[in-house]
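Chemist:
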């Protein structure tokens with residue numbers, strides 16, 4: 044279990060980007076009625092953005 048945590052903890056920003064940031068961004072996009080092309084749900088746009096932001100945060104070591 045300790046070994047698993049040692050492997051997963053450095054990836055925390057990526058998990059945060061996918062599991063917390065993406066749904067929040069999708070809700071904001073829905074609330075402001077942001078047009079997503081071809082009738083796709085806003086989550087289809089938010090998940091890649093959250094993933095990218097998570098990878099950037101992991102690489103830089105900070106969110107901002």
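Residue numbers (our numbering): 44 to 107. Note that CB positions come from ideal geometry on N, CA and C, so glycine has one too.
Compare the Cα-Cα distances from residue 104 to each of 53, 45, 46 and report the closest residue.
Modeler: Here residue 104 refers to the residue found at position 61 when the chain shown is read from its first residue. Nearest option by C-alpha distance: 53.
Chemist: What does a CB cutoff of less than 6 Å around residue 72 pick up in its chain, not counting 5 residues either side in sequence?
Modeler: Position 29 of the chain shown holds residue 72. So the list reads 85, once near-sequence residues are dropped.
Chemist: Determine the burial state of residue 60: buried for a count of at least 16 other Cβ atoms within 10 Å of its Cβ, exposed for fewer.
Modeler: Translated into positions along the chain shown, residue 60 becomes position 17. The residue in question, residue 60, is buried, as its Cβ has 16 or more Cβ neighbours within 10 Å.
Chemist: Would you kindly report the start and end of the unbroken alpha helix (DSSP H) that includes residue 79?
Modeler: Along the chain shown, one-based indexing puts residue 79 at 36. That residue, residue 79, is in no alpha helix (DSSP H); it is neither H nor E in DSSP.
Chemist: Please list, in chain order, all residues of the same chain as residue 45 whose beta carbon is under 7 Å from its beta carbon, the five residues on each side excluded.
Modeler: Within the chain shown, numbered from 1, the residue matching residue 45 stands at position 2. Closer than 7 Å at the Cβ level, and outside the excluded window around residue 45, lies no residue.
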